[in-house]
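Please read the structure below before turning to the comments.
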Amino acid sequence: MVAPANRKQDSFQAYYTNCHHITSYMVGLLECDSNLSVLEPCAGEGVFIDELFKQELTPEITAYELNIDSVNKLNFKYNKLTNIEIIHQDFILVNTNKKFDRVIANPPYGAYQSPEKRKQLKKAYPHIYTKETYGLFLIRTLELLKQDGRLVFIIPDTYLSLHQHQGLRKEIISNYKIESITLFPSNFFPGVNFGYAGLSIISIIKEKPNIDYNFPVYNGLHSPSELTKLLTKTKKNYEVCRLSYRQLINSLSNAFFLFSKDWISKVMSSDNMTVGDICFVVTGFYSGNDGKYLRRSPSVTRGNKKYAIMENNNICRDDLSINPPLNGIKNDCYWVPIVKGGNQRFYKQSEWFMDWGEEAVNDYKVINKQKARFQNSQFYFRQGIAVPMISSSAITGALIDGRLFDQSIVGIFPRQDYQDLIYYLLGFFNSKVCNILIRTINTSTNNSANYIKKIPLIIPQKLLLEKISKEVEKLVILAKSNIINDQDLQELNQYFYEVYGAKISE
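The numbering used here puts the first residue of the sequence shown at 4, with every later residue one more than the last.
If you want it as structure tokens, here you go:
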């Protein structure tokens, strides 16, 4: 679909849309004619302009482009056409009030911006996430649409639920009508895989919406050639849901939750408590120099050149949860176990050890505090649940069990009145129900603290709660011996299907 443009320090972060299926679909959504004006805020190689001509449309086109090499090519390409104006300028900083009937673009994703430029943009758009450039292009071009004008963009799907994009979502649903959203994976086309997100094509009209307005979301395409089917009556075959503005206005952070099952809709739209209501959800420790301060068990082969092997006689074996040594350990056994990332369920063996001597801790807290992360230290060496910030497939949780936990971990610590729920919560974070809910909240594999806090939490009646907790205690014992099997997990999942009223086929 796209080919990366040459760039320095990600200053352009441009991905040129070289797929005729995409350009054909997007121009089809644009519903343009030759009497209209069109804005292309980041023209690149001019593929959308070419597609307009291919469809025998000759509107008045204003095309901006920051990359001088691309500008020169565009000028050469269209030098004999009087209906096209090429402007070499950073569109985001353009001071213009000229309005357009149509806007079409594949804007830069995550392009580098100088601190000065970011400050300027933050002042102009205080509620928009300025570190992600596509949102800035979207909001600025929407401002330049004429009444009843139409915009079609291809952008990452992170705006659907990422908490940083709440301001963007709120602005759109307050002032514009979304016609449709089409979703597909970023690796849909050879050579492109963002990893952190999928792609989407969004069509928006400048028209004040009413609260009962709704629009379709399309998904499930198997190849680029299917895109143009969405311009025909067969588009119904790809419609996975319809999102109402009433739902979006009332949803958490105005997120675009794509409910594919009734039970998810019921859980997400109810007044259930969330994980953040009853737990502290925090990130952990970083030494600032793991090569010096981190050691590995002999069983760990990863990083064997960077990390020295831990000698057993130097490991601290005290129960540090009684009086957490936040200023360091005085005796010679000052290497403490630390829970790191990696998707293991219920319990992780102690395979990594951090220097926790007084001199090292002073380095973390004072001397090297600019690089180190001595954060949320009140939770060090406590009982909690470690959830890896990045999941390969499904979310998992393991007991911290009085150990240190690093910054690749989100630590979940029940508040005082809920500490007896530790095993129930541990079971929940290893369940399919939890994985479905967090992927509804955030479609990427990122399990950051802000997303985990939002997960709806249902606490069952005492009898079922005790039954689940005892089952999880057994699973922790099995995990310590690495003998958990699929049948054990299936039984646990059935409990949480019951709690959440979920109907999921195995």
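Quick reminder that beta carbons are idealized off the backbone N, C-alpha and C, glycines included.
A quick note: this is a predicted structure, and the numbers were derived from the prediction, not measured.
Please state whether DSSP places residue i in a helix, a strand or coil.
i: T65; result: strand
i: Y350; result: strand
i: N38; result: coil
i: Q150; result: strand
i: R172; result: helix
i: C22; result: coil
i: K180; result: strand
i: D423; result: helix
i: I90; result: strand
i: V436; result: helix
i: R376; result: strand
i: F140; result: helix
i: I388; result: strand
i: Q490; result: helix
i: I95; result: helix
i: A505; result: coil
i: V413; result: strand
i: L428; result: helix
i: E119; result: helix
i: P459; result: strand
i: A127; result: helix
i: I393; result: strand
i: N485; result: coil
i: N449; result: strand
i: N260; result: The amino acid at residue 260 is misidentified as Asn; the sequence shows Phe. Residue state, collapsed to three classes: coil.
i: L407; result: strand
i: F197; result: For F197, the predicted model reports a pLDDT of 49, less than 50, meaning its position is unreliable; a value from the coordinates is still stated below. DSSP places F197 in coil when its eight states are reduced to three.
i: E43; result: strand
i: N70; result: coil
i: T161; result: helix
i: V303; result: coil
i: N76; result: Note that residue 76 corresponds to Lys in the displayed sequence, not to Asn. K76: helix per DSSP, three-state reduction.
Taking the alpha carbon of residue i as the point to measure from, which residue in the options has its own alpha carbon closest?
i: I341; options: N334, W355 and I462; result: W355
i: E174; options: Y248, L77, Y115 and T237; result: Y248
i: V155; options: P463, P110 and I252; result: P110
i: I462; options: S203, K473, F408 and L424; result: L424
i: T443; options: L329, A397, N75 and S73; result: A397
i: K122; options: N100, I95 and L147; result: I95
i: I107; options: S272, K477 and L147; result: L147
i: L230; options: L186, T133 and A505; result: L186
i: T99; options: Y67, L224 and K83; result: Y67
i: Y454; options: T286, N70 and E54; result: T286
i: S164; options: Q493, N450 and L492; result: N450
i: S380; options: G405, L145 and L224; result: G405
i: S254; options: Y503, D491, C244 and D274; result: D274
i: Y421; options: F283, I158 and G138; result: F283
Can you list, in chain order, the residues of its chain with a C-beta nearer than 6 Å to that of residue i? Leave out the 5 residues immediately preceding and following it.
i: V41; result: P62, I64 and R105
i: G400; result: I388, V390, L429, F432 and N433
i: H130; result: G170
i: Y498; result: I471
i: I510; result: This structure leaves residue 510 out entirely; the chain is present only between 4 and 509.
i: V475; result: Y426, L429 and G430
i: P227; result: C22 and H24
i: R172; result: N257
i: G198; result: Model confidence at G198 stands at a pLDDT of 48, short of 50, so the residue's coordinates are unreliable and nothing is read from them.
Give me, in chain order, the residues of the same chain whose beta-carbon lies closer than 8 Å to that of residue i; leave out the 5 immediate sequence neighbours on both sides.
i: E362; result: G331
i: D13; result: Any reading at D13 must be qualified, since the residue scores a pLDDT of 44, below 50, and its modelled position is unreliable; the value itself is stated next. Around D13: G113, A114 and Y115.
i: L234; result: Y28, G31 and L32
i: Q511; result: Lying outside 4 to 509, the shown extent of the chain, residue 511 is not represented and no answer is given.
In its own chain, which residues sit with a C-beta less than 7 Å from the C-beta of residue i, not counting the 5 before and 5 after it?
i: M313; result: R298, R299, S300, W338 and F356
i: T277; result: K456, K457, I458, P459 and L460
i: S290; result: Y296, L297, M357, Y367 and A375
i: I439; result: I267
i: K483; result: Y350
i: I142; result: Y128, I131, L171 and E174
i: L77; result: A46, G49, A66, E68 and I89
i: Q410; result: T286, G287, F288, Y289 and R376
i: T26; result: T20, V50, F51 and E54
Bridge partners for residue i per DSSP, in chain order?
i: A108; result: F156
i: N217; result: S247
i: T185; result: I204 and Y221
i: E242; result: Y221
i: A401; result: F349 and A389
i: F103; result: L148
Taking Cβ positions only, does residue i come closer than 9 Å to chain D?
i: V220; result: Looking at the structure shown, chain D is missing, and only one protein chain is on hand.
Which runs of the beta strand (DSSP E) spanning at least 3 residues fall entirely within the segment 268 to 299, listed in chain order?
List check, beta strand (DSSP E) in window: 282 to 286 and 297 to 299.
To test your reading of the DSSP string, which unbroken alpha helix (DSSP H) runs of 4 or more residues are found completely within the segment 306 to 365?
If we require 4 residues or more, the alpha helix (DSSP H) runs fully inside the segment 306 to 365 come out as 361 to 365.
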